[in-house]
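S.K.:
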Amino acid sequence: MRLGEALAAGAEAGKLRGLVLHLRGELGSGKTTLVRGLLRALGYPGRVKSPTYTLVEPYSLLRLHLYHFDFYRFKDRSEWLSSGFREHFNPESLCIVEWPERAGGLLGPPDLEIHLRYHAQGRTAALAAYSTPGEAWRDAALSHWRSS
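Take the sequence shown: its letters are residues 9 to 156, numbered as in this note's numbering.
#1: In the DSSP output, what is Leu69 paired with across the bridge?
#2: Would you mind reading off the limits of the alpha helix (DSSP H) that contains Gly142?
#3: Would Lys39 pass as a contact of Leu31 if the rule is Cβ separation under 8 Å?
#4: Please report the residue range of the beta strand (DSSP E) in which His31 lies.
#5: For Gly112 and Asp84, which I take to be in contact (beta-carbon distance under 8 Å), what is that distance rounded to the nearest angstrom?
#6: Whole angstroms is fine: what's the gap from Leu89's alpha carbon to Ser155's?
#7: Quick check on the DSSP output: the beta strand (DSSP E) that includes Thr132 runs from which residue to which?
#8: Can you tell me where the beta strand (DSSP E) holding Glu109 begins and where it ends?
#9: Evaluate contact between the region 9-16 and the region 40-49, counting only Cβ atoms and requiring at least three cross-stretch pairs below 8 Å.
#10: How long is the line joining the alpha carbons of Asp147 and Tyr80, rounded to whole angstroms?
#11: So the candidates are Arg125, Arg110, Asp119; which of them puts its Cα closest to the Cα of Phe97?
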């Protein structure tokens, strides 16, 4: 939750548009919980659930369209091609993708990628940026994390 809050604090809602975040990690490592923290910090008051069965959960926040995808159930890349999800990856949306590797390499590189791992009694998170906006987002989120 706290990392999600840092990601929200690390960028104003308007600056999140057009970005793609990939979340990697084992089942239960906290990917959906991170998204829940992000949405709560952005002011979303409703229920935040895993899109494991629906594949996508859309959220509208002010002028930001956030799409939370979970491709865990994809068996091969043809499912990504036939899903119709490509249209959601646009300059007006923030797309968060769990299990991006299940799209068979058809997704472009994300702006930011977070790999969650179990460590002792908690979790660790490794953040990697792949674009200039992703670097700014990562740096601002880490700065917020350190100051909180």
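C-beta atoms are modelled at their ideal positions from N, C-alpha and C, and glycine is treated no differently. If you're wondering where the values come from, they're calculated on a predicted model, not measured in any experiment.
M.R.: Looking at the atomic coordinates:
#1: Leu72
#2: 140-155
#3: yes
#4: Position check: residue 31 holds Leu in this sequence, whereas His was assumed. It spans 28-33 - the beta strand (DSSP E) in which Leu31 sits, taken as one unbroken run.
#5: 6 Å
#6: 42 Å
#7: 130-137
#8: Careful: Glu109 lies outside any beta strand (DSSP E) and carries neither H nor E.
#9: yes
#10: 29 Å
#11: Asp119
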